[in-house]
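Following: one structure in structure tokens, then a few remarks.
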Amino acid sequence: LTTDNPSEPDSSDRHASAVSTTAEAADLSAGVQTAEELAEARQYGQRQLVCSLIDKALDVAFLAVMALVLARPITGWLTTITENWTLQLLALFAITTLLHVAVSFPLSFYAGFRLEHRFGLSRLSLAGWLWRYVKMNTLALVFGGLLFAGLYWVIWLSGAWWWLVAAAAFFVVSVLAGQLVPVLIMPLFYKIERVETPELAERMSRLAAGTGLSIEGVYRFDLSADTVKANAMLAGLGRTRRVLMGDTLLARFTPDEIEVIFAHEIGHHVFRHIRKMIVVGAIYSTIGFWLVDRLVMAWTGHVDPAVTSAHEMPVYTLPFVMLVLTLFALLLEPLQNAVSRRYERQCDRYALERTGMPAAYVSAFQKLARLNKDDPSPHPLEVFLFHSHPPISERLAMASE
Ligand SMILES: [Zn+2]
Numbered sequence: 102l103t104t105d106n107p108s109e110p111d112s113s114d115r116h117a118s119a120v121s122t123t124a125e126a127a128d129l130s131a132g133v134q135t136a137e138e139l140a141e142a143r144q145y146g147q148r149q150l151v152c153s154l155i156d157k158a159l160d161v162a163f164l165a166v167m168a169l170v171l172a173r174p175i176t177g178w179l180t181t182i183t184e185n186w187t188l189q190l191l192a193l194f195a196i197t198t199l200l201h202v203a204v205s206f207p208l209s210f211y212a213g214f215r216l217e218h219r220f221g222l223s224r225l226s227l228a229g230w231l232w233r234y235v236k237m238n239t240l241a242l243v244f245g246g247l248l249f250a251g252l253y254w255v256i257w258l259s260g261a262w263w264w265l266v267a268a269a270a271f272f273v274v275s276v277l278a279g280q281l282v283p284v285l286i287m288p289l290f291y292k293i294e295r296v297e298t299p300e301l302a303e304r305m306s307r308l309a310a311g312t313g314l315s316i317e318g319v320y321r322f323d324l325s326a327d328t329v330k331a332n333a334m335l336a337g338l339g340r341t342r343r344v345l346m347g348d349t350l351l352a353r354f355t356p357d358e359i360e361v362i363f364a365h366e367i368g369h370h371v372f373r374h375i376r377k378m379i380v381v382g383a384i385y386s387t388i389g390f391w392l393v394d395r396l397v398m399a400w401t402g403h404v405d406p407a408v409t410s411a412h413e414m415p416v417y418t419l420p421f422v423m424l425v426l427t428l429f430a431l432l433l434e435p436l437q438n439a440v441s442r443r444y445e446r447q448c449d450r451y452a453l454e455r456t457g458m459p460a461a462y463v464s465a466f467q468k469l470a471r472l473n474k475d476d477p478s479p480h481p482l483e484v485f486l487f488h489s490h491p492p493i494s495e496r497l498a499m500a501s502e
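Residues 102 to 502 (this note's numbering) are what the sequence shown spells out, left to right.
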């Protein structure tokens with residue numbers, strides 16, 4: 102998914118009881134954020150940053166304890182229940198995931214529910230938030246279980262060169278996921294329907310003309326069920342390729358502003374960003390799996406000298422593999438974000454040129470900043486490390502170039 106706006110699309114949370122939040126009651130206008138709004142946006146951004154740093158540290162610490170301390174005794178116990186390696190692996194994955202949920206729940210609750218309410222952004226009730234949380238973790242459990250079972254089968258069957266086979270399999274899985282996520286997974290969280298407003302449809306088909314993006318592919322999703330924030334994205338591959346516009350955005354932005362945002366999304370299609378991301382992912386995964394191979398073999402050689410080939414990779418190595426993959430993803434994040442920010446700038450430029458409406462572009466981003474409480478100019482180091490989108494101040498500056 103190529104999501105578009107500086108805030109994560111999945112920071113879901115809400116408050117069904119509140120009829121209207123303060124953000125909603127205030128008139129949403131363009132123009133720069135007031136000093137008060139800026140201070141609030143900065144505070145929100147800082148809290149989010151702290152939460153995400155703690156979250157990353159917690160993930161690494163938890164997996165390290167699992168991998169180095171708990172994995173072998175737990176697997177020993179599982180061996181007394183079943184001899185089947187696949188079942189042991191699935192059970193170990195489930196235990197690891199559930200323990201991780203237990204350990205990270207307080208932070209998830211604070212960052213996903215409390216913080217969002219505190220800043221008047223969430224519309225989820227506690228029950229609604231919990232339901233989403235359960236759904237998301239169940240999906241992670243099921244798909245993660247299937248993926249890791251598949252990975253270990255590849256390791257057991259292909260031996261020394263497993264990492265190359267696994268990278269090829271990962272490529273196939275990401276293409277399939279690219280096709281299926283917007284039609285199978287997104288609808289589990291949002292009601293998605295085609296945009297039918299004639300005026301918007303006309304603008305959109307005009308912009309989409311000649312880009313190969315079918316007008317059949319513009320959809321609205323009910324983001325307002327969980328947040329006041331606005332968002333739009335391009336998702337899917339081939340026949341499932343579509344632009345998804347949050348209903349919050351369609352309701353509160355002018356047709357010109359919507360057109361600019363839509364043009365930005367078309368830019369992702371024109372420049373084939375999803376396809377490029379999948380190719381980049383294939384390169385990363387090859388390196389990542391190779392690294393896993395080297396480190397796991399070195400580690401098992403140390404703790405379990407009987408293991409001499411990947412054909413007999415023990416089940417208890419699973420959390421270690423997860424730890425290496427997590428660390429690798431963390432190291433790669435700044436690089437991936439740099440690529441993503443480059444893509445976003447490319448699409449911003451495309452939107453400006455294609456629509457020729459710099460004023461609507463500026464007001465759209467000002468409204469996004471105001472609505473989503475985005476800090477327009479976060480610290481450059483924070484941007485470098487963690488942001489997949491350029492700061493709003495930079496995106497606004499582009500309009501006057
Ligand atoms: Zn974008």
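Idealized CB from N, CA, C, for every residue including glycine.
Keep in mind the model is a prediction, meaning the values are calculated, not measured.
{"Query": "Rounded straight-line distance, which links the Cα of Val329 to that of Gly221", "Result": "8 Å"}
{"Query": "Inter-residue spacing [alpha-carbon to alpha-carbon] between Ser478 and Glu495", "Result": "8 Å"}
{"Query": "Same chain, Cβ closer than 7 Å to Leu301, neighbours up to 5 away in sequence not counted", "Result": "Pro356 and Ile359"}
{"Query": "Alpha-carbon spacing of Val463 relative to Ala500, whole angstroms", "Result": "7 Å"}
{"Query": "Residue range of the beta strand (DSSP E) that includes Ala333", "Result": "Ala333 to Ala336"}
{"Query": "CB of Leu190 within 8 Å of CB of Val416, strictly", "Result": "yes"}
{"Query": "Proximity test, Glu445 beta-carbon vs ligand 1 heavy atom, cut-off 7 Å", "Result": "yes"}
{"Query": "Chain-order list of residues whose beta-carbon lies under 6 Å from that of Ser489 (same chain, five-residue window excluded)", "Result": "Asn438 and Ser441"}
{"Query": "Within 8 Å, strictly: CB atoms of Leu472 and Leu252", "Result": "no"}
{"Query": "Own chain partners of Pro435 with C-beta closer than 7 Å, once the 5 adjacent residues on each side are dropped", "Result": "Phe485 and Leu486"}
{"Query": "Pair within 8 Å by beta-carbon distance, Ala465 and Phe354", "Result": "yes"}
{"Query": "Exposed unless 16 or more other CB atoms sit within 10 angstroms - verdict on Gly229", "Result": "buried"}
{"Query": "Where the beta strand (DSSP E) containing Trp169 begins and where it ends", "Result": "Position check: residue 169 holds Leu in this sequence, whereas Trp was assumed. Leu169 -> no beta strand (DSSP E), and no H or E assigned at all."}
{"Query": "Closer than 7 Å: His369 CB and nearest ligand 1 heavy atom", "Result": "yes"}
{"Query": "Any non-hydrogen atom of ligand 1 within 7 Å of His547 CB", "Result": "Lying before the first or after the last residue shown, residue 547 is absent from the chain, which here runs from 102 to 502."}
{"Query": "Proximity to Arg342 [Cα-Cα], best of Leu324, Tyr385 and Thr312", "Result": "Thr312"}
{"Query": "Supposed contact pair Ala172 and Pro420 - C-beta distance, whole angstroms, cut 8 Å", "Result": "5 Å"}
{"Query": "For Val422, the nearest candidate out of Lys474, Trp400, Met378 and Val243 (CA to CA)", "Result": "Trp400"}
{"Query": "Straight-line Cα distance separating Ala168 from Val404", "Result": "12 Å"}
{"Query": "Heavy atom of ligand 1 within 7 Å of Trp365 beta-carbon", "Result": "It is His, not Trp, that sits at residue 365 in the sequence shown. For ligand 1, at least one heavy atom lies less than 7 Å from the Cβ of His365."}
{"Query": "Local conformation of Tyr291 per DSSP, three classes", "Result": "coil"}
{"Query": "Three-state secondary structure assigned by DSSP to Ser410", "Result": "coil"}
{"Query": "CA-to-CA distance, Val266 to Ser410, given in whole angstroms", "Result": "16 Å"}
{"Query": "Straight-line gap, Ala333 to Phe290 (C-alpha atoms, nearest Å)", "Result": "15 Å"}
{"Query": "Neighbourhood of Ala212 by C-beta distance below 6 Å, restricted to the same chain and skipping five residues each side", "Result": "Cys152"}
{"Query": "Glu125 (DSSP reduced to helix, strand or coil)", "Result": "Per-residue confidence for Glu125 stands at a pLDDT of 42, beneath the threshold of 50, marking its modelled position as unreliable; no derived number is given."}
{"Query": "Proximity test, Cys152 beta-carbon vs ligand 1 heavy atom, cut-off 7 Å", "Result": "no"}
{"Query": "Identity of the residue in Ala269, Leu314, Met346 and Val284 nearest Thr298 by Cα", "Result": "Met346"}
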